[in-house]
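Counting in the working numbering, the sequence shown runs from 2 upward without gaps.
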Amino acid sequence: MTALRLPLLLSLALLSACAQKPTSVALQQNQQSKCPMTLHRGQQLILTMPSNPTTGFRWLVRDAAANVLQSLGPEVYSNPEDAGLVGSAGRSTWRFQAKQAGEGRLLLTYERPWEVGVVPARRFDCGIRVE
C-alpha cells in the first residue's frame, strides 16, 4: 500500500509545481498583440524595446501604470556585442512588478525629446490588469 502512495504523492507534487504562475513575463514591442495583459500580484513584467540612442531617439515612459505596477529601476540600455558597428541599434529594458489589483496603462513613445510638436516615430500602448 505504501509503495502505491509514493508515486501518487510525487505525481501530485509535480502537478502542483507545474501549476504555479511564472514569476516573470517578458514583453517586446512586436508582441503588442498580447495586450491587454493580465498579471498576478508579485509577478514581474520585463519590457524590452529596440532602441538606438545614437540617432537621438529614445523611449519615453508616458504612463507607467503606476496604480498597479511598481518600477524596479531605470531603463537599462544594452548594445549587442556581436554587432561590432558604431551606432548600431540595441535594446532598452524596463522591469516592473505587479503591486496591487486593478487596471492601468503602460504607454511609451519613441521620439527625439527636443523635437516639440512632432508625432512620435513609434508608440507602445498596453493595457495592464493585475489580479
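We put the beta carbon where it would ideally sit given N, CA and C, even for glycine.
In the three-state reduction of the DSSP assignment, T49 falls in the strand class. For E76, the CB contacts under 6 Å within the same chain, skipping 5 residues up- and downstream, are S93 and W95 in chain order. Put simply, of W60, S72 and N68 the residue whose alpha carbon is nearest the alpha carbon of R113 is W60. According to DSSP, A67 shares a beta bridge with no other residue. With respect to A102, V69 sits close: the two C-beta atoms are nearer than 9 Å.
Remark: C-beta atoms of G91 and P51 approach each other more closely than 9 Å.
Judged by DSSP in its simplified three-state form, Q44 adopts coil rather than helix or strand.
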